[in-house]
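Student:
There are 2 protein chains.
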Amino acid sequence: MRLQTPVDGIDTASCEVRLSSGERLSYDNLVVATGARANGLDVPGTDREGVFVLRNLEDAIAVKSYLAATPCRKAVILGAGFIAMEMAENFSARGMETIIVHRGELPVARWDPEFSKIIRDEVTARGVTFVTGAVTAAIEGAAASRLALVTDRGTFDADIILMALGIRPDATLAGEAGIELGKTGAIRVDYAQRTSLENVYAAGDCCEVYHRVAHEWVSMPLGDIANKQGRVAGSTIGGKPLTFPGIVGAQSFRVFGLEAAATGIDEEGAAGSGYDPGSTIVWGSPVARVMNPESRRLGLKLVADRKTGKLLGAQAVGSEGAVSRINTLSACLWSGLDIDDVGYLDLAYAPPFSGAWDLIHMAAQQLRRTL
Amino acid sequence: MRLQTPVDGIDTASCEVRLSSGERLSYDNLVVATGARANGLDVPGTDREGVFVLRNLEDAIAVKSYLAATPCRKAVILGAGFIAMEMAENFSARGMETIIVHRGELPVARWDPEFSKIIRDEVTARGVTFVTGAVTAAIEGAAASRLALVTDRGTFDADIILMALGIRPDATLAGEAGIELGKTGAIRVDYAQRTSLENVYAAGDCCEVYHRVAHEWVSMPLGDIANKQGRVAGSTIGGKPLTFPGIVGAQSFRVFGLEAAATGIDEEGAAGSGYDPGSTIVWGSPVARVMNPESRRLGLKLVADRKTGKLLGAQAVGSEGAVSRINTLSACLWSGLDIDDVGYLDLAYAPPFSGAWDLIHMAAQQLRRTL
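Printed below as a string of structure tokens:
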């Protein structure tokens, strides 16, 4: 049953939900699945018509309805994460002049500069303007377009402004109900998605998840993780207990002609988790050269621990084959393989799909030599 | 140094190579890399002009030279393994009428009937004739074309006939030199590619390789395995000992619009290795439906052990995404993961690349329910 009435609070001792209508509903178990909230910006004008965030289905419908009802020629995107990249492509595909306004220098912080530069170049090569080092002061009305984004790097007219500034777990309801939160600000759960309170579970972006490589509970609000957590909570409540075995941090997106994917942890995260990381990047063809001498290059970065040789993370960017490699390496991370194993992993070689030595092998062997 | 003179034999006691010229060359170490031989057919006429095997680069050059010099309209391929499939596509791409003549009913025995039927249908949909249950009696000369393949299912005219009947390890030289062979007929080696004789190594299709899932030494003549073995032998001889950690049986090919890939062992192999196998097949989209509702279906079969839940093997066939899944599952097999882990594996989800639940997850969970 989906409640259309806003929930005012939950009484965890009695497993009751208090609706804003005053009604109280009693259950045997509760699952808190309050998701995440889009980060806003503390400047004047973010409440103007034509200014959107894109967090949930309702947001997406609102954006599409606005575009359908309003002739829009110019879009400004605030922020440069993967949602910003995807939306830049989609605004461009509608024929709109699209400007990304970013506080930093490079997009998609998850990826290292060698790769985020390639993503930036792809986006600008497709006609998107990428403004860097810009601090927003206000969103104002404008003459030519409907809106103007005022920054210290200039003022940008826009018919629509999308604030793609990331999200944070929405644990307000849980916090007010006395459910314990983790240091990430998301709800603390165990491997069966139980919270600190009996018969109260949590699943999705509002709660933490165990990272098998970092060896700590993290907030990683991604849809596939939320799906898995929901299944574990539901099955456990339903009498078939499941254990959520955690994540390795696999993630991907596509923007224009590029695949970008990453898994595990980067060097900074590795150092923070007590590892002594080393890394290498290799560039090559995602398929055997004989199949397609013109195929664009795929870049693959591996991070491993100097002391044990254990694989810690990977990033890949290219026109094809990035996600495939990262998924294979995610399975390696899952089992804690070291790079000696990764360098000799048995992969399904055929020239349309890789060289006899795949980039995965080359990267692992090159990294081994430098550790 | 590559010897152009035929090798007559090797004296392993003295590490000497005897050339057919009578010369003897002495080395500190020898690596036997005699490869494999194409299987022939014991019928009259296989030595006629226009009849080829395709085992090595020289064979490929001979086929291409013949096609360049001779107007060819009809090609007959004997056999229906993956080389036969690849060559059917290539003959067709040259505009030749192409007929596959197969002793059995379905192509590519490595794949189960659910998948090999799809491969057969793809090949015939592209205009290739697929003749089954045919026993070849002879290759004769013919009036219209140059050759005629005479079988109990009819006579087939051809300008070129390719015998694609599989290969067997070429361990003749090693056997004559007293090097121990395995029960597969290939050279027995250890994890550093050493043979039974001191200072004599072997690498490639002529020797066995350890199968990590079957837990036995097998003959699996594939190019990527040969490359790895060569590197292990060379590095070990050069003073940097390496260990070849074995294979899980990953393999793939492309034919027309299909990817076919497999890894691990099938149910018959599993039963032979002492497992109690169960299996399931799922069909779905390789990408999120919202991205491409028309995308052709990908089939994925998983085999696992009923007693332990351990993943034992996988097969996949589809227009895209088959190799990617099989590589990920190969990494799972490498580490001996069970299907509970596979069902919750952390993969790099984004709609252009998979659903939030990938086919891998769905197959593993479905298999778990049936074990």
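Chain order of the listed sequences is C and X. Counting with this note's numbering, you get residues 3 to 373 for the letters of the first sequence. Counting with this note's numbering, you get residues 3 to 373 for the letters of the second sequence. Here a beta-carbon is modelled for each residue, glycine too, at the ideal position from N, C-alpha and C. None of the values given here were measured: they were computed from a predicted structure.
1. Spell out a yes or no on whether the stretch 96–113 of chain X and the stretch 68–83 of chain X are touching, meaning 3 or more CB-CB pairs, one atom from each, closer than 8 angstroms.
2. Determine the direct distance from the alpha carbon of T245 of chain X to that of I12 of chain X, and round the result to whole angstroms.
3. Are the stretch 113–122 of chain C and the stretch 16–30 of chain C touching, with three or more C-beta to C-beta distances below 8 angstroms?
4. Does the beta carbon of L224 of chain C come closer than 9 angstroms to any beta carbon on chain X?
5. What does the alpha-carbon distance come out to for the pair R256 of chain X and A352 of chain C?
6. At 4 residues or longer, what runs of the alpha helix (DSSP H) sit wholly inside the stretch 311–364 of chain X?
7. Less than 8 angstroms between the CB atoms is what I'm expecting for W285 of chain C and G266 of chain C, so what's the real figure, rounded?
8. Taking beta-carbon pairs under 7 angstroms, can you tell me which members of the stretch 347–358 of chain X lie near chain C?
9. Taking the alpha carbon of R112 of chain X as the reference point, which residue from X:E178, X:A252, X:T372, X:V34 has its own alpha carbon closest?
10. Quick check: P171 of chain C and G187 of chain C, are their CB atoms within less than 9 angstroms of each other?
11. Can you tell me whether DSSP reads E88 of chain C as helix, strand or coil?
12. Using the Cα positions of V45 of chain C and I141 of chain C, report the straight-line distance between them to the nearest angstrom.
13. Could you name the residues of the same chain whose beta carbon sits closer than 8 angstroms to that of V250 of chain C, not counting the 5 residues immediately before and after it, in chain order?
14. Output the residue ranges of the alpha helix (DSSP H) runs that lie fully inside the stretch 29–83 of chain X and measure 4 residues or longer, sorted by chain position.
15. Starting from T265 of chain C, trace the beta strand (DSSP E) in both directions and tell me its first and last residue.
16. Chain X partners of C334 of chain C, CB-CB under 7 angstroms?
17. In angstroms with no decimal places, state the Cα-to-Cα distance between F84 of chain X and E91 of chain X.
18. Where do the ends of the beta strand (DSSP E) carrying S254 of chain X lie?
19. Going by C-alpha distance, which of C:C209, C:S254, C:A194 is nearest P243 of chain C?
20. Would you please state the rounded distance, in angstroms, between the beta carbons of L151 of chain X and T138 of chain X? I believe it to be under 8 angstroms.
21. Against chain X, which members of the stretch 239–251 of chain C pass a CB distance test of less than 9 angstroms?
22. Measuring CA to CA, which of X:G236, X:A70, X:L164, X:M222 is closest to V33 of chain X?
23. Do you know offhand how far A62 of chain X's Cα is from I163 of chain X's?
24. Excluding the five sequence neighbours on either side, which residues of its own chain have a C-beta within less than 6 angstroms of the C-beta of N31 of chain X, listed in chain order?
25. Taking the alpha carbon of N58 of chain X as the point to measure from, which residue in X:D207, X:T310, X:T282 has its own alpha carbon closest?
26. Along chain X, in chain order, which residues have C-beta atoms closer than 8 angstroms to that of L183 of chain C?
27. Considering V125 of chain C, what are the terminal residues of the alpha helix (DSSP H) in which it resides?
28. Within the 9 angstroms Cβ cut-off, does F255 of chain X reach chain C?
29. Report yes or no: is there a C-beta of chain C within less than 9 angstroms of the C-beta of R128 of chain X?
30. In whole angstroms, what separates the C-alpha of E269 of chain X from that of L304 of chain X?
31. Could you list which residues in chain C have their beta carbon closer than 8 angstroms to that of L339 of chain X, in chain order?
32. Under 9 angstroms between the Cβ atoms of V211 of chain C and S221 of chain C?
33. Given that T330 of chain X touches chain C, what residues does it touch there, using C-beta distances under 7 angstroms?
34. Does the separation of the CB atoms of A366 of chain X and V344 of chain X fall below 9 angstroms?
35. Quick one: is N229 of chain X near chain C, going by C-beta distance under 9 angstroms?
36. So, at 8 angstroms on beta carbons, what are the nonlocal neighbours of I169 of chain X in its own chain, with the 5 sequence-adjacent residues on each side left out?
Tutor: Put simply:
1. Because the criterion of three Cβ pairs below 8 angstroms is met, the stretch 96–113 of chain X and the stretch 68–83 of chain X touch.
2. Position 10 of the second sequence, counting from 1, holds the residue named residue 12 of chain X. Position 243 of the second sequence, counting from 1, holds the residue named residue 245 of chain X. Going by the C-alpha atoms only, they are around 25 angstroms apart.
3. Judged by Cβ distances under 8 angstroms, the stretch 113–122 of chain C makes no contact with the stretch 16–30 of chain C, as fewer than three pairs qualify.
4. The count along the first sequence starts at 1 and reaches residue 224 of chain C at position 222. Yes, contact with chain X.
5. The count along the second sequence starts at 1 and reaches residue 256 of chain X at position 254. The count along the first sequence starts at 1 and reaches residue 352 of chain C at position 350. Straight-line Cα distance between these residues: approximately 8 angstroms.
6. With a minimum length of 4 residues, the continuous alpha helix (DSSP H) runs that stay inside the stretch 311–364 of chain X are 324–336, 341–345.
7. Within the first sequence, residue 285 of chain C is the residue found at index 283, counting from 1. Within the first sequence, residue 266 of chain C is the residue found at index 264, counting from 1. Not confirmed; about 20 angstroms, so no contact.
8. Contact annotation: in the stretch 347–358 of chain X, residues whose CB is within less than 7 angstroms of a CB in chain C are L347, D348, L349, A350, Y351, A352, P354, F355, A358.
9. The sequence position of residue 112 of chain X within the second sequence is 110, counting from 1. Of the candidates X:E178, X:A252, X:T372, X:V34, the one whose C-alpha sits nearest the C-alpha of R112 of chain X is X:A252.
10. Taking the first sequence and counting its residues from 1, one reaches residue 171 of chain C at position 169. Taking the first sequence and counting its residues from 1, one reaches residue 187 of chain C at position 185. Between P171 of chain C and G187 of chain C, the C-beta spacing is below 9 angstroms.
11. Within the first sequence, residue 88 of chain C is the residue found at index 86, counting from 1. In the structure shown, E88 of chain C adopts helical secondary structure according to DSSP, grouped into three states.
12. As a position in the first sequence, residue 45 of chain C is number 43, starting the count at 1. As a position in the first sequence, residue 141 of chain C is number 139, starting the count at 1. Going from the Cα of V45 of chain C to the Cα of I141 of chain C covers about 7 angstroms.
13. Position 248 of the first sequence, counted from the first residue, corresponds to residue 250 of chain C. In chain order, H213, R214, V215, T265, G266, S332, L335, W336 place their CB closer than 8 angstroms to the CB of V250 of chain C, counting only its own chain and leaving out the 5 sequence neighbours on each side.
14. If one requires a minimum length of 4 residues, the alpha helix (DSSP H) runs lying completely within the stretch 29–83 of chain X are 59–71, in chain order.
15. In the first sequence, counting from the first residue as 1, residue 265 of chain C sits at position 263. Note, T265 of chain C: beta strand (DSSP E), 260–266.
16. Counted from its first residue, the first sequence places residue 334 of chain C at position 332. Correct list: A333.
17. As a first step, residue 84 of chain X is located in the second sequence; it is residue number 82 there, counting from the start. As a first step, residue 91 of chain X is located in the second sequence; it is residue number 89 there, counting from the start. F84 of chain X and E91 of chain X: Cα-Cα distance of roughly 11 angstroms.
18. Position 252 of the second sequence, counted from the start, is the residue given in the question as residue 254 of chain X. Here the beta strand (DSSP E) through S254 of chain X covers 253–257.
19. Counting from one through the first sequence, the residue named residue 243 of chain C turns up at place 241. Closest option to P243 of chain C, Cα to Cα, is C:A194.
20. Position 149 of the second sequence, counted from the start, is the residue given in the question as residue 151 of chain X. Position 136 of the second sequence, counted from the start, is the residue given in the question as residue 138 of chain X. Indeed they touch by this definition, with Cβ atoms about 6 angstroms apart.
21. Residues L244, T245, F246, P247, G248, I249, V250, G251.
22. Locating residue 33 of chain X in the second sequence gives position 31, counting from the first residue. Closest option to V33 of chain X, Cα to Cα, is X:G236.
23. The residue labelled residue 62 of chain X in the question sits at position 60 within the second sequence. The residue labelled residue 163 of chain X in the question sits at position 161 within the second sequence. Taking C-alpha positions only, A62 of chain X is separated from I163 of chain X by approximately 13 angstroms.
24. Numbered from 1 along the second sequence, position 29 holds the residue referred to as residue 31 of chain X. In chain order, N201, I239 place their CB closer than 6 angstroms to the CB of N31 of chain X, counting only its own chain and leaving out the 5 sequence neighbours on each side.
25. For this step, residue 58 of chain X is matched to residue 56 along the second sequence. It is X:D207 whose Cα lies nearest to the Cα of N58 of chain X.
26. Residue mapping note: residue 183 of chain C aligns to position 181 of the first sequence, counting from 1. Residues of chain X passing the Cβ test: none, with the nearest at roughly 23 angstroms.
27. What you label residue 125 of chain C is simply residue 123 of the first sequence in a count that begins at 1. In the DSSP assignment, V125 of chain C falls within the alpha helix (DSSP H) that extends over 115–127.
28. In the second sequence, residue 255 of chain X corresponds to position 253, counting from 1. Yes, contact with chain C.
29. Working through the second sequence from its first residue, we reach residue 128 of chain X at position 126. Contact with chain C is absent for R128 of chain X, since none of that chain's Cβ atoms lies less than 9 angstroms from the residue's Cβ.
30. Locating residue 269 of chain X in the second sequence gives position 267, counting from the first residue. Locating residue 304 of chain X in the second sequence gives position 302, counting from the first residue. The straight-line gap from Cα to Cα measures roughly 10 angstroms.
31. On the second sequence, residue 339 of chain X is found 337 positions in, with the first residue counted as 1. Neighbourhood of L339 of chain X in chain C, by CB distance below 8 angstroms: A333, W336, S337, in chain order.
32. Numbered from 1 along the first sequence, position 209 holds the residue referred to as residue 211 of chain C. Numbered from 1 along the first sequence, position 219 holds the residue referred to as residue 221 of chain C. Result yes, Cβ atoms of V211 of chain C and S221 of chain C sit closer than 9 angstroms.
33. Here residue 330 of chain X corresponds to residue number 328 of the second sequence, with the count starting at 1. The contacting residues are N329, T330, A333.
34. Here residue 366 of chain X refers to the residue found at position 364 when the second sequence is read from its first residue. Here residue 344 of chain X refers to the residue found at position 342 when the second sequence is read from its first residue. Taking the C-beta atoms as reference points, V344 of chain X is found nearer than 9 angstroms to A366 of chain X.
35. Locating residue 229 of chain X in the second sequence gives position 227, where the first residue counts as 1. Interface residue, yes.
36. Position 167 of the second sequence holds residue 169 of chain X. Cβ contact annotation for I169 of chain X (same chain, cutoff 8 angstroms, sequence separation greater than five): A38, R39, A40, N41, R57, D207, P223, in chain order.
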